[in-house]
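Since the structure comes first, as structure tokens, the remarks are kept for the end.
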Amino acid sequence: SPFTVEKGYKLYFTSPDEETALRDAYSMREPLLTLLSPDEQNALAERFGFDYRTHATTVAWVILAGSAAGAVTALASMTNGPRLGAVASLAVALVVGIEQVLRFGRLRRGPASSMLGFVVRPFARKLLR
């Protein structure tokens with residue numbers, strides 16, 4: 048098998064130092080950090096050189112596309128009449144989509160938070176210390 052190690056060789060795994068682990072965590076989460084509040088984004092800019100312009104528009108477009116797909120799916124599921132779940136799905140998709148459209152304008156002026164920031168915040172705690 049291509050993954051066997053020849054007899055006599057040993058593999059060692061070492062943990063990265065704390066600063067490397069923190070930088071790696073920042074790199075992996077960087078696009079989603081654009082959903083945090085402007086104050087949090089400014090703190091990340093001071094600590095890591097974070098620039099919201101790198102990913103914010105792309106993230107907003109992806110969320111907008113997902114909300115549009117959710118709206119279409121909700122509408123398609125209402126062919127036999129409205130159901131509570133489908134109506135709720137449609138409402139959430141519309142609210143999220145409208146928020147992203149409004150964010151596009153705010154992003155021209157500076158970092159702009161999203162209502163979805165609460166999803167990202169737990170994963171950014173170590174980065175914001």
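Under our numbering, think of the first position of the sequence shown as 48, with each following residue one higher. Each residue gets a CB set at the ideal place from its N, CA and C atoms; glycine is no exception.
How long is the line joining the alpha carbons of VAL142 and PRO63, rounded to whole angstroms?
-> The residue labelled residue 142 in the question sits at position 95 within the sequence shown. The residue labelled residue 63 in the question sits at position 16 within the sequence shown. Using only the alpha carbons, I get a separation of about 41 Å.
The alpha helix (DSSP H) enclosing GLY152, as first and last residue numbers = Indexing the sequence shown from 1 puts residue 152 at position 105. It spans 131-154 - the alpha helix (DSSP H) in which GLY152 sits, taken as one unbroken run.
Report buried or exposed for SER74, applying the criterion of at least 16 other Cβ atoms within 10 angstroms of its Cβ.
-> The residue given as residue 74 occupies position 27 in the sequence shown. Sixteen is the threshold: since fewer than 16 other Cβ atoms of the shown chains lie within 10 Å of the Cβ of SER74, the residue is exposed.
Grouping DSSP H, G and I as helix and E and B as strand, with all else coil, what is ARG176?
-> Counting from one through the sequence shown, the residue named residue 176 turns up at place 129. Here ARG176 sits in coil by DSSP.
Flag this pair as yes or no: are the beta carbons of GLN167 and LEU111 separated by less than 8 Å?
-> Here residue 167 corresponds to residue number 120 of the sequence shown, with the count starting at 1. Here residue 111 corresponds to residue number 64 of the sequence shown, with the count starting at 1. Reading off the sequence shown, one finds Val at residue 167, where the question assumed Gln. Taking 8 Å as the Cβ cut-off, VAL167 and LEU111 do not qualify as a contacting pair.
Ends of the alpha helix (DSSP H) at ASN89?
-> Within the sequence shown, residue 89 is the residue found at index 42, counting from 1. Taken as a continuous stretch (DSSP letters only), the alpha helix (DSSP H) holding ASN89 covers 85-95.
Unbroken alpha helix (DSSP H) run spanning SER114, endpoints = Start at 1 with the first residue of the sequence shown, and residue 114 comes out as number 67. Here the alpha helix (DSSP H) through SER114 covers 103-123.
Proximity to PRO158 [Cα-Cα], best of GLY113, THR81, ASN127 = As a first step, residue 158 is located in the sequence shown; it is residue number 111 there, counting from the start. When only C-alpha atoms are compared, the closest one is THR81.
Where ALA72 and SER160 are concerned, what is the direct C-alpha to C-alpha distance, given to the nearest angstrom?
-> Residue numbering aside, residue 72 sits at position 25 when the sequence shown is read from its first letter. Residue numbering aside, residue 160 sits at position 113 when the sequence shown is read from its first letter. Approximately 20 Å, taken between the alpha carbons.
In or out: GLY144 buried (at least 16 other Cβ within 10 Å) or exposed?
-> Indexing the sequence shown from 1 puts residue 144 at position 97. Buried, by the Cβ-count rule.
Would you mind sorting ALA180 into buried or exposed? The rule is 16 or more other CB atoms within 10 Å of its CB.
-> The question about residue 180 has no answer, for the chain in this structure spans 48 to 176.
Have a look at ALA92 and GLU146 and give me their C-alpha separation to the nearest angstrom.
-> By one-based count along the sequence shown, residue 92 stands at place 45. By one-based count along the sequence shown, residue 146 stands at place 99. Computed Cα separation, rounded: 24 Å.
Under a Cβ-count criterion, where at least 16 other Cβ atoms within 10 Å of its own Cβ denotes burial, should GLU65 be classed as buried or exposed?
-> Locating residue 65 in the sequence shown gives position 18, counting from the first residue. Around the beta carbon of GLU65, a 10 Å sphere encloses fewer than 16 other beta carbons of the protein chains shown; the residue is thus reported as exposed.
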